[in-house]
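Encoded as structure tokens, the structure appears first; notes follow it.
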Amino acid sequence: MLLFAEQIVSLPSLYTMVSTIAPPSSVPFEDVFGFALAGAGIAFGIIFYLLIRKKTINIF
Numbered sequence: 005m006l007l008f009a010e011q012i013v014s015l016p017s018l019y020t021m022v023s024t025i026a027p028p029s030s031v032p033f034e035d036v037f038g039f040a041l042a043g044a045g046i047a048f049g050i051i052f053y054l055l056i057r058k059k060t061i062n063i064f
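Residue numbers (the numbering used here): 5 to 64.
Right under this line is the structure:
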């Protein structure tokens, strides 16, 4: 990858802009919360599917 002088100069300012939007301390919590939410959604989806197959829940 070829970097021009303008790109090299703008990289620190890009890092400063990104670091002011999300502090590093909040990123691990957001990752854990996001993965936990996705995992719960998948688990509830599988449980809901199995309950529909057993005809415990009738949606049709």
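Think of the CB as a built atom: it goes at the ideal place given N, C-alpha and C, for glycine as much as any other residue.
Backbone secondary structure at residue i - three-state DSSP
{"i": "residue 63", "result": "coil"}
C-alpha gap between residue i and residue j, whole angstroms
{"i": "residue 58", "j": "residue 47", "result": "17 Å"}
{"i": "residue 40", "j": "residue 63", "result": "27 Å"}
{"i": "residue 50", "j": "residue 42", "result": "12 Å"}
{"i": "residue 61", "j": "residue 44", "result": "19 Å"}
Cβ-based neighbour list, residue i, same chain, cut-off 6 Å, excluding 5 preceding and 5 following
{"i": "residue 56", "result": "none"}
Beta-carbon proximity list for residue i, same chain, < 8 Å, skipping 5 on both sides
{"i": "residue 38", "result": "none"}
Cβ-heavy atom distance, residue i to the ligand SAH, below 6 Å
{"i": "residue 32", "result": "The ligand SAH is not part of the structure shown, which contains no ligands of any sort."}
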